[in-house]
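In terms of our numbering, the sequence shown opens at residue 11 and continues consecutively.
So the structure is just underneath, and the comments pick up after that.
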Amino acid sequence: MNECFIGKPRIKITWLIIAITLPVTVTAILLCFPGKLIKNDINTFQSASIIVRTIFSAGLGAGIVEEMVFRGMIMRAFDKRFGKMTAIILPSFIFGLIHLIGIKMDIISIVLLLIAGTSVGIMFSLIVYESGSVWCSAIVHGIWNVIIIGRILNISGVYHDKAIYSYKLVSESVILTGGEVGIESSIVPVLGYIVVIAFTLFLMKRKVENCNN
């Protein structure tokens, strides 16, 4: 398990800060675009149920399991067989492809999903290599899921009546709304992934330089 970066749970404060900052910043930027905020007719018990399911299913469940599988076992297997570069890129592309299963969408939405899925996969992979632990990518993944794709505040190009709050963007641009995939594949999150990728590469470069000095 340690060989697959799945050791004793430990989180670096840097990645806890990123885990919160990334989705909050993306949310804040998206809310700056014209849209309509709707508080759905959901009682306190239903709201509590949505929050609990979001935290444990989308957050802890999907976040931890997907990171252990993709950035733990699969990435490590590719690393040993093909090297680090392939281990970062190929499983990340597969990560994007997996999200196409069972979903019918147009070609533009498919392209957006593959770009976003591969980008976020690369981001998670680099976090694991920088931190040496899949738990760091899991906390980033989990908190992202809770804030962005959970049903507490849903930001989308369409109205969602199952969320506590729904923010329907006025724009019809698929670049902003993410098309049929949803906001995760829009330009704002993708730019966020790229910023974190650049930051992670900087940390990795600095670590190498410190080791050489």
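Note that the Cβ used here is the ideal one computed from N, Cα and C, for glycine as well.
{"Query": "Start and end residues, alpha helix (DSSP H) containing Tyr203", "Result": "197–222"}
{"Query": "Touching by the beta-carbon criterion (3+ pairs, under 8 Å), the stretch 78–90 and the stretch 98–115", "Result": "yes"}
{"Query": "Proximity to Val198 [Cα-Cα], best of Gly17, Ile23, Ile39", "Result": "Ile39"}
{"Query": "Length of the line joining the Cα atoms of Ile111 and Asn222", "Result": "45 Å"}
{"Query": "CB contact flag (Ile65, Ile52, <9 Å)", "Result": "no"}
{"Query": "Three-way DSSP call (helix, strand, coil) for Ser166 in this model", "Result": "strand"}
{"Query": "Segment contact, 8 Å Cβ cut-off, at least three pairs: the stretch 15–30 with the stretch 184–195", "Result": "no"}
{"Query": "For Met133 and Leu107, the rounded distance between their alpha carbons", "Result": "16 Å"}
{"Query": "Assigned secondary structure, Gly192 (DSSP; H/G/I helix, E/B strand, else coil)", "Result": "coil"}
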